[in-house]
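Visitor:
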Amino acid sequence: MPTGEPPKLVLPGQTAPTANQQLHIANAGGTVQRTVTVAPKRTDPGFYKRLITQLNPLRQSTRAAMAISGIGVAALALDVAATLNLGNPFLFYDRREQWKEMSGLLEGTRSDLWRSYFDDISPNWKGDAVEKLQEYVRFNVNGLYSQLGKVSDEMSGAMHGQYKEVLEYDLSVFGLYATSAPMLRSVAAMSAHPVGKVALMTQVGLFMSATGNLIKQFADVYNSYEGDLNKLELKLNDLRGAFFRSGNPAMGARDLHLTPNIEDPAMMDDYWVPVSRDAS
Amino acid sequence: MDASATGVNTLKEATPRFEGWSLAPLAGVPIVGLMFVNRFNTITDTWKDSAGILSEVLHTDSGKVSRAAENYAAAARAGTVK
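Residue numbers (full-length UniProt numbering), protein chains in the order written: chain A, 1 to 280; chain B, 1 to 82.
1. Going by C-alpha to C-alpha distance, which of A:Asp128, A:Trp114, A:Glu165, A:Met66 sits closest to A:Tyr222?
2. Using C-beta distances below 7 Å, list every residue in its chain close to A:Ala16, excluding the 5 sequence neighbours before and after it, in chain order.
3. Establish whether the CB of A:Gln54 and some CB of chain B are separated by less than 8 Å.
4. Once DSSP output is grouped into helix, strand and coil, what is the label at B:Asn41?
5. Of all the residues that make up the segment 245-273 of chain A, which are near chain B by a beta-carbon distance shorter than 7 Å?
6. Would a check of beta-carbon distances place B:Ala75 closer than 8 Å to chain A?
7. CA-CA distance, B:Val29 and A:Gly205?
8. In the DSSP output, which residue or residues are listed as bridge partners for A:Pro274?
9. What does B:Lys64 touch in chain A if you count any residue whose Cβ is under 9 Å from its own?
10. Within a Cβ cutoff of 7 Å, which residues of the same chain sit near B:Phe18, ignoring the five residues on either side of it in sequence?
11. Go to A:Val198, then tell me how far its alpha helix (DSSP H) extends in each direction, as first and last residue.
12. Are there three or more Cβ pairs, one per stretch, closer than 8 Å when the segment 144-161 of chain A is compared with the segment 232-243 of chain A?
13. Who are the Cβ neighbours of A:Met251 in its own chain at under 7 Å, not counting the five residues just before and after it?
14. Grab me the residues of A:Ala81's own chain with a C-beta within less than 6 Å of its C-beta, minus the 5 sequence neighbours each way, in chain order.
15. Sorted by chain position, which residues of the same chain lie with C-beta nearer than 8 Å to A:Ser276's C-beta, five sequence neighbours on each side aside?
16. Residues of the segment 196-215 of chain A with a CB closer than 7 Å to any CB of chain B: list them in chain order, please.
17. According to DSSP, is B:Phe18 part of a helix, a strand, or is it coil?
18. Of the residues A:Ser152, A:Asn213, A:Ala189, A:Ala253, which one's Cα is nearest the Cα of A:Leu236?
19. Quick check on the burial criterion: 16 or more other C-beta atoms within 10 angstroms. Buried or exposed for B:Ala78?
20. Suppose the cutoff is 7 Å on Cβ atoms and the five residues either side in sequence are ignored; what does the same chain contact list for B:Gly7 look like?
21. Could you work out which residue in A:Ser103, A:Leu176, A:Met159 is closest to A:Asn213 when comparing CA atoms only?
22. Quick check on residue 288 of chain A: does DSSP put it in helix, strand or coil?
23. Select from A:Leu78, A:Pro89, A:Leu113, A:Tyr117 the residue whose C-alpha is nearest the C-alpha of A:Ala210.
24. Does the count of Cβ pairs from the segment 66-76 of chain B and the segment 258-266 of chain A closer than 8 Å reach three?
25. Could you say if the segment 83-92 of chain A and the segment 119-137 of chain A meet the contact criterion of at least three C-beta pairs nearer than 8 Å?
26. Are any of the Cβ atoms in chain A nearer than 8 Å to that of B:Glu37?
27. Going by beta carbon distance, what residues of the same chain come within less than 8 Å of A:Leu229, once the five residues before and after it are set aside?
28. Quick check on B:Ala78 - is its C-beta less than 8 Å from some C-beta in chain A?
29. To the nearest angstrom, report how far apart A:Ser280 and A:Val273 are at their CA atoms.
30. In the DSSP assignment, what residue or residues form a beta bridge with A:Phe244?
31. Taking the runs of the beta strand (DSSP E) that are 3 residues or longer, which of them lie wholly in the segment 105-176 of chain A?
32. Does the segment 55-71 of chain A come into contact with the segment 187-204 of chain A, if we say contact requires no fewer than three beta-carbon pairs (one atom in each stretch) closer than 8 Å?
33. Express the C-alpha separation of A:Ala192 and A:Ala199 in angstroms, rounding to a whole number.
34. Which chain B residues sit within Cβ distance under 7 Å of A:Ala219?
35. Mind listing which residues of the segment 39-51 of chain B have their C-beta closer than 7 Å to chain A's C-betas, in chain order?
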């Protein structure tokens, strides 16, 4: 872009702006009010895809060795179990970030509401409306926001835990295959000789126990998410209790609304009294 | 208030579930993870419903407050404010 020229304007309805493009928000007169930088949407860096592509040839030679060794079926079952447990860490990373952003935005909208009450309404008015609104903001809406916030925070944490475990497991499986495949391949080449066959069976046995251990450890670690999930479900109960009648979604939402009296013209004199009234 | 409602509603629309292609074997969720997926989705769905309720509450009530302000302004113009 030549210097001195303004950045390209992106209008709503046009194609979505790409990474780090600037969006200018103008008023009716065409003057730019503020500029927003559009954050790029997270894209999958392709770790998982590359992992699978690189793992497949290694699996081929390992499987061939297993078949020759004569303990192929059991080893094959482990091989399948190990690879089915591979996961795409990006899936969890993305969700971790998403929940975190949601938590942040939620807190932002909560603060907006809180500030607009305490900055605009409470210093300028007295009367019933101010009290009703204060109750509404402090005890009703604020509570709802914090219940939602707790769950989304916890979700982000749980997703991070899964991200870490999945990534570690992926790397261990890959490491195991990458180290054993060449060895198994060379031992398999010698398997015509009885001694070579014994060596192969030993190697396949070693590989099997290493894989078996890995799968078991991963399943154990993953099952310990039961604890995380339990914490989440406890918070979910609080959330349900706050939003639904008797905490049961089937019974419908609670009536969380502000009293309609606040807009009743007949009751206006009680509800809306300017603070300056005393002075006058 | 209405802005807060819109904010919450946007969040509600963006709630990340686990579904579709990511549940196929080898597509991303490890096979031991599949037994947890439903429970995570339950949490996500409840969160989404609750955010929907909050957004609806804020939306309706912001209407009440702005109508109250209009009523007051109308009364002030008419000179009936005591």
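Yeah, the Cβ is synthetic: ideal placement off N, Cα and C, and Gly gets one too. Only a predicted model underlies this, so the values are computations on that prediction, with no experimental measurement involved.
Guide: On the basis of the coordinates in this document:
1. Ranking A:Asp128, A:Trp114, A:Glu165, A:Met66 by CA distance to the CA of A:Tyr222 puts A:Glu165 first.
2. Residue placement at A:Ala16 cannot be trusted, given a pLDDT of 49 that sits under 50; the coordinates are not used to answer.
3. no
4. Helix, per DSSP.
5. Pro249, Ala253, Leu256, His257, Leu258, Pro260, Ile262, Glu263, Pro265, Met268, Asp269, Trp272
6. yes
7. 28 Å
8. A:Trp125
9. His257, Leu258, Thr259, Pro260, Ile262, Glu263
10. Val29, Val37, Phe40, Asn41
11. 194-223
12. Counting C-beta pairs with one atom in each stretch, the segment 144-161 of chain A and the segment 232-243 of chain A have three or more that are closer than 8 Å, which means they touch.
13. Phe244, Arg245
14. Ile215
15. none
16. none
17. coil
18. Measuring C-alpha to C-alpha distances from A:Leu236 to each of A:Ser152, A:Asn213, A:Ala189, A:Ala253 identifies A:Ser152 as the nearest.
19. Answer is exposed; the Cβ neighbour count stays below 16.
20. none
21. A:Leu176
22. Summary: the structure shown does not reach residue 288 of chain A, with chain A confined to residues 1 through 280, and so no result is reported for it.
23. When the alpha-carbon of A:Ala210 is set against those of A:Leu78, A:Pro89, A:Leu113, A:Tyr117, the nearest one is in A:Leu78.
24. yes
25. no
26. Reading off the sequence, residue 37 of chain B comes out as Val, not Glu. No - not a single Cβ of chain A is within 8 Å of the one on B:Val37.
27. If we look at A:Leu229 and ignore the five residues flanking it on each side, its Cβ neighbours are Ala158.
28. no
29. Low confidence applies to A:Ser280: its pLDDT is 45, below 50, so where it sits in the model is not reliable, and the reading given next is rough at best. Their Cα atoms are separated by approximately 12 Å.
30. A:Ala253
31. none
32. yes
33. 11 Å
34. Chain B residues near A:Ala219: Val32.
35. Arg39, Ile43, Thr46, Trp47, Asp49, Ser50, Ala51
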